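Residue numbers (our numbering), protein chains in the order written: chain A, 61 to 175; chain B, 66 to 178. Virtual Cβ for every residue (Gly too), placed ideally from N, Cα, C. Note that the coordinates shown come from a computational prediction; the quantities given were computed from them, not determined experimentally.
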């Protein structure tokens, strides 16, 4: 079974530029998550999708971050414009459902550096 | 703001010893608790979950939960250098948008040969 795929793996941009990340979850997983992990901290949930609908985006900085999962499969996360404090690893995860005890499988992450 | 607290470490133990990792959480309504392992530069991977008070054992790993004290721990017996990683405690916290996984900051474990 293929795992969660993410690209790119690394990205370096200057502040005020825009950037986009892509995620393809495990086949058949209805729930997709985007996390931000700043160095030395645990992952923080940015947005959760159930199929192609948003379940929770309460911690997404909506003035600069956006995400979509148009066909309920892969997803993109965009930052526009980027700030220095956006430097982090962006992790995508998926699970079969959002109910009960369900394991979230993480992708390898995209390491973003904002200069 | 629902929180999960862990000692950041580093926790250093000799090979073969028991490593004890601790976590406290603020949301009394939490029912599900997870331990993830994250090697440097890698993504988190689930090693155990627990949702009943008491102990749950899986090989060299034992998770312990005390809901009254809002405390969950992970014991690693016969620690190996390959166990050296950051261990993340995570709790499902519920709000009006449903349940979400809240992570602690992680405890870095170093097992010395």
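Can you tell me which of 138/A, 169/A, 88/A puts its alpha carbon nearest to the alpha carbon of residue 123/A?
Ranking the options by Cα distance to residue 123/A, first place goes to 138/A.
Among 87/A, 99/A, 127/A, which residue has its Cα nearest to the Cα of residue 79/A?
It is 127/A.
Which residue marks the beginning of the beta strand (DSSP E) containing residue 164/B, and which one marks its end?
Segment 163-168, the beta strand (DSSP E) holding residue 164/B.
Supposed close pair residue 151/A, residue 97/A - CB separation, criterion 8 Å:
Yes, residue 151/A and residue 97/A are in contact; Cβ-Cβ is about 6 Å, under 8 Å.
Does residue 85/B come out as helix, strand or coil in the three-state DSSP assignment?
Residue 85/B falls in the strand class under three-state DSSP.
Can you list, in chain order, the residues of its chain with a C-beta nearer than 6 Å to that of residue 72/B? Leave out the 5 residues immediately preceding and following it.
Its chain contains 172 as the residues whose beta carbon lies nearer than 6 Å to that of residue 72/B, once the 5 sequence neighbours on both sides are disregarded; these appear in chain order.
Status (buried if at least 16 other CB within 10 Å, exposed otherwise) for residue 133/B:
So residue 133/B ends up on the exposed side.
Whole-number beta carbon distance between residue 106/A and residue 120/A, since they are thought to touch under 8 Å
5 Å between Cβ atoms; contact.
Considering only residues of the same chain and omitting the five flanking positions on each side of residue 168/B, which have a CB-CB separation below 6 Å?
Excluding residues within five positions, the ones whose Cβ falls inside 6 Å are 153, 155.
Cβ separation of residue 115/B and residue 102/B, assumed to be a contact under 8 Å, to the nearest whole Å:
Contact between residue 115/B and residue 102/B is absent: CB atoms are separated by about 15 Å, not below the 8 Å threshold.
Using only the alpha-carbon positions, how far apart do residue 74/B and residue 157/B sit?
Near 23 Å, if we compare the C-alpha coordinates of residue 157/B and residue 74/B.
C-beta neighbour in chain A for residue 94/B, strict 7 Å:
With 7 Å as the cut-off, residue 94/B does not count as an interface residue toward chain A.
Quick one, which residues of the region 90-103 of chain A are near chain B if we go by CB-CB under 9 Å, in chain order?
Residues 93, 95, 97, 100, 101, 102, 103.
Runs of 3 residues minimum, wholly inside the region 92-172 of chain B: which ones carry the beta strand (DSSP E) assignment?
Counting whole runs of 3 or more residues, the region 92-172 of chain B contains the beta strand (DSSP E) stretches 98-103, 110-115, 119-123, 126-131, 136-141, 150-160, 163-168.
Does chain A have any CB closer than 7 Å to the CB of residue 108/B?
Closer than 7 Å to some Cβ of chain A, the Cβ of residue 108/B qualifies, so yes.
Sub-7 Å separation of residue 109/B and residue 81/A beta-carbons
In this structure, the beta-carbon distance from residue 109/B to residue 81/A does not fall below 7 Å.
Counting only beta-carbon separations shorter than 7 Å, does residue 121/B have a partner in chain A?
Residue 121/B does not count as touching chain A.
On a Cα-Cα basis, can you pick out the residue from 168/A, 72/A, 143/A that is closest to residue 85/A?
Nearest to residue 85/A by C-alpha distance, out of 168/A, 72/A, 143/A, is 168/A.
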